[in-house]
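Have a look at the structure below, then the notes.
There are 2 protein chains.
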Amino acid sequence: MKIKILLVGKIRNEFIRVGVQEYRKRLLPFFNIDIEYLQNFSDLPKEIALSKEGEIIKKIIKDKKYIVSLDKEGKELSSEEFAYKLLDLDKISQNNEIIFIIGGIYGIQEDIKKSSNFILSLSKMTFTHEFALLILLEQIYRGIKILRNEPYHY
Amino acid sequence: MKIKILLVGKIRNEFIRVGVQEYRKRLLPFFNIDIEYLQNFSDLPKEIALSKEGEIIKKIIKDKKYIVSLDKEGKELSSEEFAYKLLDLDKISQNNEIIFIIGGIYGIQEDIKKSSNFILSLSKMTFTHEFALLILLEQIYRGIKILRNEPYHY
């Protein structure tokens, strides 16, 4: 499995930085997760910010086919369903990269969302982009444990 | 507002311990959150563990009326709805303690859930008890910011 995560913005909370490192380390025996931190334009008006952030995202994903956008209005999955979604994406991508996109405070540009393979909602609740990253990594790790039928204690 | 959180089990991940401290610190100008770590019996069979953990919880909540149990099968709320739920609970409790219960790996004993004022689901996804604590604290903090109409950047 090859996974890249695009995150609009930086990590500002030290505990999240450490948590992200922790899950990457735990995932390393299975695969390396590539995280790319993209410039955010949240100081600009919403539509302009979305468009500028979208431009950068589109350059990265232009040849890529297996895109999951994170959005509160997307589909919620249980951890088990998410694990099997990962497996499905890995199969149809034939070991190409699966890309997750986590938008900035305004979310993700509409046409990027629409052209995604899947729009995933982590919760009805709103999280900061960096908190969403932490949850996503935890669920990818949990997903791998589910698929391998291994216990996951903490 | 007075909030106590009962958590079955300890915090094992250092980044979660630091994150919990961080949100408690951010909440301190508004109120102190009391977190009580209860013994978990997850090495015992499920029903016995739930019952032993339940006994301890019941001793603590016996005179208390405003209980929110966390459970995946509970009701999901948006962050805004959660903020107003906090406000409602604070009003009806007349400034008495609101208690949140986060169960261990087997969840919370059925009769405790049933007698709760509210059963809250953070997501369809499963989280460890300590990860759920981190999310809950983040949402309480976000809720306070929403109620005070203050920006929340990170």
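Here the protein sequences line up with chains G and Y, keeping their order. Quick note: the first sequence uses my numbering, first residue 229, plus one each step. Quick note: the second sequence uses my numbering, first residue 229, plus one each step. Where a beta carbon is used, it is the ideal one built from N, C-alpha and C, also for glycine. Predicted, not measured: the structure shown is a model, and the values here were computed from it.
Where Lys-319/G is concerned, there is no enclosing beta strand (DSSP E), although the alpha helix (DSSP H) around it starts and stops at 307-320. Met-353/Y has a beta carbon lying within less than 8 Å of a beta carbon in chain G. Distance between Arg-254/G and Tyr-369/G, taken at the CA atoms: about 7 Å. A direct Cα-to-Cα measurement between Leu-266/G and Asp-271/Y gives close to 44 Å. Taking C-alpha positions only, Ile-276/G is separated from Leu-361/G by approximately 24 Å. At least 8 Å separates the beta-carbon of Val-248/Y from that of Glu-242/G.
Note on geometry: alpha-carbon atoms of Tyr-334/G and Phe-269/Y lie some 43 Å from one another.
Phe-355/Y sits close to Ile-363/Y, with the two beta carbons spaced by under 8 Å. Comparing alpha-carbon positions, the option among Leu-298/G, Ser-279/G, Phe-258/G and Arg-376/G lying closest to Lys-341/G turns out to be Leu-298/G.
In this structure, Tyr-294/Y places its C-beta atom within 8 Å of the C-beta atom of Asn-324/Y. Asp-262/G is bridged by DSSP to Lys-232/G.
At a cut-off of 8 Å between beta carbons, Val-246/G contacts chain Y. Contact of Glu-366/Y with chain G is assigned, a C-beta pair being separated by under 8 Å.
The C-alpha of Lys-303/Y lies about 5 Å from the C-alpha of Ser-349/Y. Within chain Y, the residues whose beta carbon sits less than 9 Å from that of Leu-305/G are Lys-352 and Met-353, listed in sequence order. Within chain Y, not a single residue places a beta-carbon under 8 Å from that of Phe-258/G; the smallest gap is close to 19 Å.
From the beta-carbon of Phe-328/G, no residue of chain Y is found nearer than 7 Å; the closest lies around 15 Å away.
By the CB criterion at 8 Å, Phe-359/G and Ile-244/G fall inside the cutoff. Within the stretch 308-328 of chain Y, Glu-308, Glu-309 and Phe-310 place their CB atoms closer than 9 Å to a CB of chain G, listed in sequence order. Annotation for Lys-303/Y: no alpha helix (DSSP H) segment contains it, though the beta strand (DSSP E) segment containing it runs 294-304. CA-to-CA, the gap between Asn-345/Y and Lys-274/G works out to about 39 Å. DSSP, read as helix, strand or coil, puts Phe-269/Y in coil. Identification of chain G residues near Phe-359/Y by a Cβ-Cβ cut-off of 7 Å yields Glu-366, ordered along the chain.
Its Cα nearest to that of Ile-233/Y, the residue Ile-326/Y stands out among Phe-310/Y, Leu-314/Y and Ile-326/Y. Per the DSSP secondary-structure output, Ser-349/Y pairs in a beta bridge with Glu-304/Y. One alpha carbon belongs to Phe-259/G, the other to Lys-292/G, and they sit about 19 Å apart.
For Ile-327/Y, the enclosing beta strand (DSSP E) has its first and last residue at 325-330. Gln-337/G sits away from Glu-301/G, with the two beta carbons spaced by 8 Å or more.
In terms of Cβ geometry, Gln-367/Y and Phe-310/Y form a close pair [threshold 8 Å].
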